[in-house]
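Colleague: Residue numbers for the sequence shown follow our numbering, so the first one is 73 and each next one is one higher. Right, I'll just put the structure down here and ask away after.
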Amino acid sequence: MSPDEIIERFDLKKLPVEGGYFTPVYRGEHIITDPGGRQRNLGSSILYLITQESFSSLHLLDNLEIWHYCGGDEMQQLLLYPDGSGEVRSISLSSPVSIVPGGVWQGTRLVAGGSWGLCGVTMLAAYTQEDFHAPDPGELSSQYPRWREQISAMVGASHG
């Protein structure tokens, strides 16, 4: 399948600011109180597509997020931790799950030469727009100098 066929098949829409294409799959009915004291749905899930032109820009979410590989090419996920450390993870058939703690900067893109990657992404508690934080690229590069090149490639880019 091509990215356009996947977008049509699952009725995916462009995700503003972050990039990629998505469609909501599930929003939990049970209500919880999150660590910040807000009343929230227990969890939510989306289907999320990354293409050569559109990737998941670096961002920080307040709550836990779990990525499940569904198909396509290998993706690389950059994680930058509050203690100044970082890592690059593979999301692929050989490494199909990535658990991203809340409060960790993250961005995901295809490996070089890839065409598309499809994931299911679940968030606990359910996603709200208040959870999304975009970085200041200069500040992030200063905080994580070892990852400066990867940060530059994953922020401020135009998404297809």
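Where is the CB? At the ideal position from N, CA and C, for every residue including glycine. All figures in this text were calculated on a predicted structure; none of them were measured in a lab.
(1) On the criterion of 16 or more Cβ atoms from any shown chain inside 10 Å, does residue 98 qualify as buried, or is it exposed?
(2) Once the 5 residues before and after residue 165 are set aside, which same chain residues still bring their CB inside 7 Å of it?
(3) Leaving out five residues before and five after residue 181 in sequence, what residues of the same chain have Cβ atoms less than 8 Å from its Cβ?
(4) Suppose you measure from the CA of residue 159 to the CA of residue 150; what does that come to, to the nearest Å?
(5) Return the CA-CA distance between residue 221 and residue 210, expressed in angstroms with no decimal places.
(6) Going by the CB atoms, is the gap between residue 134 and residue 174 shorter than 9 Å?
(7) Quick one: give me the first and last residue of the alpha helix (DSSP H) that residue 212 is part of.
(8) Could you spell out the range, first to last residue, of the alpha helix (DSSP H) harbouring residue 127?
(9) In whole angstroms, what is the alpha-carbon distance linking residue 77 and residue 190?
(10) Which residues in the same chain as residue 177 place their Cβ atom closer than 6 Å to its Cβ, once the five residues preceding and following it in sequence are excluded?
(11) Grab me the residues of residue 87's own chain with a C-beta within less than 6 Å of its C-beta, minus the 5 sequence neighbours each way, in chain order.
(12) May I ask you to list the residues that DSSP assigns as paired with residue 191?
(13) Which residues in the same chain have their Cβ closer than 7 Å to the Cβ of residue 115, if we skip the five residues on either side of it in sequence?
(14) What is the rounded straight-line gap between the Cα of residue 43 and the Cα of residue 214?
Modeller: Per the coordinate set shown:
(1) exposed
(2) 141
(3) 122, 127, 128, 147, 148, 225 and 226
(4) 6 Å
(5) 12 Å
(6) yes
(7) 209-215
(8) Residue 127 -> no alpha helix (DSSP H), and no H or E assigned at all.
(9) 12 Å
(10) 130, 132 and 152
(11) 94
(12) 120 and 141
(13) 100, 194, 195, 196, 197 and 198
(14) No information on residue 43 is available, as it lies outside the stretch 73 to 232 that the chain covers here.
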